[in-house]
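A.B. asks: Once you've had a glance at the structure underneath, I'll fire off some questions.
Protein chains: 4
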Amino acid sequence: MASQKRSGARKDQILKAAEKVFAEKGFHEATISEVAREAGLSDATIYEYFSTKEELLFSIPVETTEKGMETLNFHLNYIRGASNKVRSIVYHYLSFYQNHPEYASVVMLILKQNRKFLDTEAYRIIREGFRVITRVVEEGVASREFRSDANPFLVRSVLLGTIEHLVIRRLLLGQPEDLMSLVDPLTDMIIQGIQKDEGPKGWHLRLVLDRDEGEPTGEVSD
Amino acid sequence: MASQKRSGARKDQILKAAEKVFAEKGFHEATISEVAREAGLSDATIYEYFSTKEELLFSIPVETTEKGMETLNFHLNYIRGASNKVRSIVYHYLSFYQNHPEYASVVMLILKQNRKFLDTEAYRIIREGFRVITRVVEEGVASREFRSDANPFLVRSVLLGTIEHLVIRRLLLGQPEDLMSLVDPLTDMIIQGIQKDEGPKGWHLRLVLDRDEGEPTGEVSD
Amino acid sequence: MASQKRSGARKDQILKAAEKVFAEKGFHEATISEVAREAGLSDATIYEYFSTKEELLFSIPVETTEKGMETLNFHLNYIRGASNKVRSIVYHYLSFYQNHPEYASVVMLILKQNRKFLDTEAYRIIREGFRVITRVVEEGVASREFRSDANPFLVRSVLLGTIEHLVIRRLLLGQPEDLMSLVDPLTDMIIQGIQKDEGPKGWHLRLVLDRDEGEPTGEVSD
Amino acid sequence: MASQKRSGARKDQILKAAEKVFAEKGFHEATISEVAREAGLSDATIYEYFSTKEELLFSIPVETTEKGMETLNFHLNYIRGASNKVRSIVYHYLSFYQNHPEYASVVMLILKQNRKFLDTEAYRIIREGFRVITRVVEEGVASREFRSDANPFLVRSVLLGTIEHLVIRRLLLGQPEDLMSLVDPLTDMIIQGIQKDEGPKGWHLRLVLDRDEGEPTGEVSD
DNA sequence: CATGAATGAGTGTTCATTCAT
DNA sequence: TATGAATGAACACTCATTCAT
């Protein structure tokens, strides 16, 4: 077990180094030598733990993804209501990528467009995360919280697509610096849409109370 | 003019070949020799027209992007109403990427995550396209078609992010095969949201209380 | 004849350009394109006049060398005495290289160590120049102006070697800037090295009068 | 130390191979592959020891030059009298180049006319060798062994230039096969050119008249 | 006479990967 | 377990040279 533990630590050490180097320079532009140097090891040692450069790349998200999924599911258990869960999901992803930019770089700029990555264990887990989203939407439809014609696949695509887009933008352009302030607007937009409530056939009374955000705090329309 | 024309044709021929090869194999995995073979030319000839493999890559979207922007703007002139314009934009992008999968591959899987591409002329034009979206949203807000709190940047991010996500998914997984059928659902979702329209014919009383995250904590409806 | 003349002018124009470019960048580092650009012609035109880059190189010294030999021989005819002729030769070479640094570069830094150049027409002429020197020394020996054991080959080697060394040094290091001031010192050194020891057992009277140089103007020793 | 030793041996092995190949084919005409083959190694291995073909070239004379200087200085310590030292220097250089024709080729035909080589460590040492010569001449002047007007720079140029000329001639034309037989003639010629007129056995009267160029126009002796 | 266009042939250099120690 | 040393396999890029027009 001791050796196993040491082994695991070495592996993590290498993975951390790889994550950093790949994030900074890209996969093809980075060399095993650089990863080795960053890890304080020799090139050959890297190959004691990972059989190819690509395997090293694909190993980066394995553990992180697993833990992330656990965390997300853990939280979702505490939350009732599809809308709330949607928000929780948005929060989860944005917060994670915001706080782990190197990991975000590897996933968003390198792995996401790699065909081979799709056959990977890590991707299997990521896909599970996708299904969680779909399920939440289905849940919302079933509970009549969402419109009956809400398309779970589409909602999921909107949600993930927007998050990816924002994260990539932040990675490449440095903007928006603070992704977290977009959690609520994005959640709201997905849930409410942007169309003005017309209420042509009756009158609507909507009362919304907000504390922190600059969201409309009160609104009355007929 | 003849030589200019011939030159231009050669260039296009090479760009077409490069687009195809890069789309199929990725940028780093593709070789100049393959591009040359695809174009029916010698390696050296490629370098007569593009000084670098990277320059060749960055040249691929130049003309297409220009034309695309022209087309989009042309169409938008014919359309009245922000919602309709949003739909037109969604249609434009999805339709273009659906019909030009190789171009889509190059842009979505190669260029979009290339830092150097951001300094490119082609990207400048792409960015203009982004601003068109923002402007349409602002227009919708100004015309009271959209909520006054609609965040143009966020809407644009949702729109582009979702499109990118769908296109990439289609490229990598082959699904959804038909992006066009998502034009309306996506447009609607962005415009209307997914929340259930509560009692369009009576009156609504919505009371939303936010604590930390602004999630609706209570809700009363008739 | 007109066309012949035009042809010759073109050729000279190209040779001048080549001399300049080769002198500046060296033979291998220079490209035909650069020569063409310098000549204000297209690459292909260069090949209308010279069949290969190497032939172009080897053609540079042909005319110059011919004229140089003519000039040297012309002057030598006016000069009596081997010593005087030696000086004239030293003067001729140093002066020519000093005044034609680009030509000097090509000859000294490129051609002189090219094995193939030895089989060249231009080299044949250069070799004739060598024989002139040898002959002058032989002449000096025959006229008892030089020691009977003066080795013409060695004298020639000293003369040419020193000149080459000085010229190359000037080309690469910029020093000595003025080669001409070395004409007399060098000549004297060589001459005194081979000059006949006049009457070692009788008595010598040496009186030297100089005008321009700071050479010893009078010297009497017992 | 073992690894250091092995490393050093490899390096020498490569340098030896490079010296041979470059000597035979010239720098540009030779390929790294040929050097590698000659060394019994792969191309890539060459680059483990030398980062560039040019660096490999410039590394060839480093050690040899150092040792050569040591040897020369060592011998000079044993020799008294400037004339004798001059002879020793001539002997040293001619003997060395004669016995190391490949090294001679690299230095005389490749390096000597390379501008970048001048900024090299090896050249620094070579330059030291030059200064040794100058110093010996100065020594000879100070000791009244040489004429007071002997120009150390010129003597050095004559010495080196002649040696270079002879060595190059031998390399390219195979002649003269035996450089060593020229040691004494060359030394004598130089020495007599700068030797102080001793006139121990009588007195000399020399009358020299110069007109324009300082050449002796008339001469009366005994 | 001049050249635009094309290319064959070549080469320096890189780097992931292996393996004996 | 760790690595120094070695390399096979590639590849982008260059340039002298050709030839139809």
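Chain order of the listed sequences is F, B, H and U.
With the numbering used here applied, the first sequence covers 1 to 222.
With the numbering used here applied, the second sequence covers 223 to 444.
With the numbering used here applied, the third sequence covers 445 to 666.
With the numbering used here applied, the fourth sequence covers 667 to 888.
Positions of the beta carbon are idealized from the N, C-alpha and C atoms, including for glycine.
Please read all numbers here as calculations on a predicted model, not as lab measurements.
(1) Helix, strand or coil, according to DSSP, for K677 of chain U in the structure here?
(2) Starting from G129 of chain F and walking both ways along the alpha helix (DSSP H), at which residues does that stretch end?
(3) Please decide whether R454 of chain H counts as near chain U, where near means a Cβ-Cβ distance under 7 angstroms.
(4) Following the continuous alpha helix (DSSP H) through T515 of chain H, name the residue where it begins and the one where it ends.
(5) T356 of chain B versus chain F: which residues are under 7 angstroms apart at the beta carbon?
(6) With DSSP run on the structure shown, which of helix, strand or coil describes A339 of chain B?
(7) Can you give me the C-alpha to C-alpha distance between P422 of chain B and I60 of chain F, rounded to a whole angstrom?
(8) S823 of chain U versus chain H: which residues are under 7 angstroms apart at the beta carbon?
(9) Is the number of C-beta pairs between the segment 558 to 578 of chain H and the segment 508 to 516 of chain H that are closer than 8 angstroms three or more?
(10) Residues in its own chain within less than 7 angstroms of L237 of chain B by CB, not counting five upstream and five downstream?
(11) Pick out whichever of F:R156, F:F117, F:D149, F:R124 has its Cα sitting closest to the Cα of V136 of chain F.
(12) Label N321 of chain B either buried or exposed according to how many other C-beta atoms from any shown protein chain fall within 10 Å of its C-beta, with 16 as the threshold for buried.
(13) Look up F819 of chain U in the DSSP assignment and say whether it is helix, strand or coil.
(14) Taking CB distances under 7 angstroms as the criterion, tell me whether M846 of chain U reaches chain H.
(15) Short of 7 angstroms in beta carbon distance, which residues of its chain neighbour S587 of chain H, apart from the five on each side in sequence? Order them along the chain.
(16) Grouping DSSP H, G and I as helix and E and B as strand, with all else coil, what is G643 of chain H?
(17) What does M189 of chain F touch in chain B if you count any residue whose Cβ is under 9 angstroms from its own?
(18) Taking C-beta pairs closer than 8 angstroms, name the residues in chain H that R781 of chain U reaches, listed in chain order.
(19) Taking buried to mean at least 16 other C-beta atoms within 10 Å of its own C-beta, is G8 of chain F buried or exposed?
(20) If you count every other CB in all the chains shown that lies within 10 Å of the CB of F74 of chain F, and 16 or more means buried, which is it?
(21) Buried or exposed: where does S255 of chain B fall if 16 or more other Cβ atoms within 10 Å of its Cβ makes it buried?
(22) Count the other C-beta atoms from every protein chain shown that fall within 10 angstroms of the C-beta of H28 of chain F, then say buried if there are 16 or more, exposed otherwise.
(23) Just checking: is the beta-carbon of L109 of chain F within a distance shorter than 7 angstroms of some beta-carbon in chain B?
(24) Give the secondary structure of F318 of chain B by DSSP, where H, G and I count as helix, E and B as strand, and everything else as coil.
(25) Note down, in chain order, every chain U residue with its Cβ under 8 angstroms from the Cβ of L562 of chain H.
(26) What do you get for D410 of chain B, buried or exposed, if any count of 16 or more other CB atoms within 10 angstroms of its CB means buried?
(27) Is R369 of chain B helix, strand or coil when you go by DSSP?
(28) Assign L839 of chain U to buried or exposed, taking buried as 16 or more other Cβ atoms, counted over all protein chains shown, within 10 Å of its Cβ.
(29) Taking T384 of chain B as the reference, which of B:S273, B:L401, B:A372 has the closest Cα?
(30) If L603 of chain H and I634 of chain H are in contact, beta carbons under 8 angstroms, what's the gap, nearest whole angstrom?
(31) When you compare each of U:A705, U:A689, U:S771, U:S814 to V833 of chain U by their alpha carbons, which one comes out closest?
(32) Any C-beta of chain B sitting closer than 7 angstroms to the C-beta of H75 of chain F?
(33) Could you tell me if A462 of chain H is buried or exposed, where buried requires 16 or more neighbouring beta carbons within 10 angstroms of its beta carbon?
(34) Quick one: is N743 of chain U buried, meaning 16 or more other Cβ sit within 10 Å of its Cβ, or exposed?
(35) Considering only their Cβ atoms, is the gap separating E482 of chain H from K464 of chain H smaller than 7 angstroms?
(36) Quick check on P629 of chain H - is its C-beta less than 7 angstroms from some C-beta in chain U?
C.D. replies: On the basis of the supplied data:
(1) Here residue 677 of chain U is taken as the residue at index 11 of the fourth sequence, counted from 1. Note: K677 of chain U maps to helix in three-state DSSP.
(2) Walking along the first sequence from the start, residue 129 of chain F turns up at place 129. Going by DSSP, G129 of chain F is part of the alpha helix (DSSP H) stretching over 121 to 142.
(3) Reading the third sequence from its first residue, position 10 is the one you call residue 454 of chain H. Chain U places no beta carbon closer than 7 angstroms to that of R454 of chain H, leaving this residue out of the contacts.
(4) The count along the third sequence starts at 1 and reaches residue 515 of chain H at position 71. First-last of the alpha helix (DSSP H) with T515 of chain H: 497 to 522.
(5) Locating residue 356 of chain B in the second sequence gives position 134, counting from the first residue. Those do not exist, as T356 of chain B stays about 13 angstroms from chain F at its closest Cβ, beyond 7 angstroms.
(6) For the purposes of this step, residue 339 of chain B is taken as the residue at position 117 of the second sequence. Per the sequence presented here, residue 339 of chain B reads as Phe, with Ala not at that position. In the structure shown, F339 of chain B sits in a helix (DSSP, three-state: H, G or I).
(7) The residue labelled residue 422 of chain B in the question sits at position 200 within the second sequence. The residue labelled residue 60 of chain F in the question sits at position 60 within the first sequence. Here the model assigns P422 of chain B a pLDDT of 43, short of 50, so the residue's position is not dependable, and the following value carries that caveat. Those two C-alpha atoms are separated by around 50 angstroms.
(8) Position 157 of the fourth sequence, counting from 1, holds the residue named residue 823 of chain U. Going along chain H in sequence order, the residues near S823 of chain U (Cβ under 7 angstroms) are T606, H609, L610.
(9) Enough Cβ pairs lie closer than 8 angstroms, so yes.
(10) Stepping through the second sequence from its first residue, residue 237 of chain B is reached at position 15. Correct list, in chain order: S281, I282.
(11) Position 136 of the first sequence, counting from 1, holds the residue named residue 136 of chain F. The residue with the shortest Cα to Cα distance from V136 of chain F is F:R156.
(12) The sequence position of residue 321 of chain B within the second sequence is 99, counting from 1. The Cβ neighbour count for N321 of chain B, taken over all protein chains shown within 10 Å, is under 16; the residue is labelled exposed.
(13) Counting from one through the fourth sequence, the residue named residue 819 of chain U turns up at place 153. Residue state, collapsed to three classes: helix.
(14) Looking up residue 846 of chain U in the fourth sequence gives position 180. Answer no: the Cβ-Cβ gap between M846 of chain U and chain H never drops below 7 angstroms.
(15) Looking up residue 587 of chain H in the third sequence gives position 143. A526.
(16) Along the third sequence, read from residue 1 onward, the residue named residue 643 of chain H stands at position 199. Annotation note: pLDDT 43 at G643 of chain H (below 50); position unreliable, no value reported.
(17) Position 189 of the first sequence, counting from 1, holds the residue named residue 189 of chain F. Ordered by position in chain B, the residues that pass the 9 angstroms Cβ test against M189 of chain F are A372, N373, L376, V377, V380, I412, G415.
(18) To locate residue 781 of chain U, count along the fourth sequence from 1; it is residue 115. Within chain H, the residues whose beta carbon sits less than 8 angstroms from that of R781 of chain U are L616, listed in sequence order.
(19) Residue numbering aside, residue 8 of chain F sits at position 8 when the first sequence is read from its first letter. Exposed, by the Cβ-count rule.
(20) Position 74 of the first sequence, counted from the first residue, corresponds to residue 74 of chain F. Exposed is the call here.
(21) Translated into the one-based positions of the second sequence, residue 255 of chain B becomes position 33. When all chains shown are included, S255 of chain B counts as exposed.
(22) As a working mapping, residue 28 of chain F is identified with position 28 in the first sequence. Counting every other CB atom within 10 Å of its CB across the protein chains shown gives H28 of chain F a total below 16, marking it as exposed.
(23) Counted from its first residue, the first sequence places residue 109 of chain F at position 109. Chain B, which has a Cβ nearer than 7 angstroms to the Cβ of L109 of chain F, makes this yes.
(24) Position 96 of the second sequence, counted from the first residue, corresponds to residue 318 of chain B. Three-state result, F318 of chain B: helix.
(25) Counted from its first residue, the third sequence places residue 562 of chain H at position 118. L838, L839, listed in chain order.
(26) Along the second sequence, one-based indexing puts residue 410 of chain B at 188. Buried, by the Cβ-count rule.
(27) Here residue 369 of chain B refers to the residue found at position 147 when the second sequence is read from its first residue. R369 of chain B: coil per DSSP, three-state reduction.
(28) Along the fourth sequence, read from residue 1 onward, the residue named residue 839 of chain U stands at position 173. So L839 of chain U ends up on the exposed side.
(29) Position 162 of the second sequence, counting from 1, holds the residue named residue 384 of chain B. It is B:L401 whose Cα lies nearest to the Cα of T384 of chain B.
(30) By one-based count along the third sequence, residue 603 of chain H stands at place 159. By one-based count along the third sequence, residue 634 of chain H stands at place 190. Between I634 of chain H and L603 of chain H the Cβ distance is about 6 angstroms, and since that is below 8 angstroms, they are a contact.
(31) Locating residue 833 of chain U in the fourth sequence gives position 167, counting from the first residue. Of U:A705, U:A689, U:S771, U:S814, the residue nearest in Cα terms is U:S771.
(32) Counted from its first residue, the first sequence places residue 75 of chain F at position 75. At a cut-off of 7 angstroms, the C-beta of H75 of chain F has no neighbouring C-beta in chain B.
(33) Residue 462 of chain H sits at position 18 when you count from the first residue of the third sequence. Around the beta carbon of A462 of chain H, 16 or more other beta carbons lie within 10 angstroms, which makes this residue buried.
(34) As a working note, residue 743 of chain U is residue 77 in the fourth sequence. Classified as exposed, N743 of chain U has fewer than 16 neighbouring CB atoms from the shown chains inside 10 Å of its CB.
(35) In the third sequence, counting from the first residue as 1, residue 464 of chain H sits at position 20. In the third sequence, counting from the first residue as 1, residue 482 of chain H sits at position 38. Going by beta carbons, K464 of chain H and E482 of chain H fall inside the 7 angstroms limit.
(36) What you label residue 629 of chain H is simply residue 185 of the third sequence in a count that begins at 1. Answer yes: the Cβ-Cβ gap between P629 of chain H and chain U drops below 7 angstroms somewhere.
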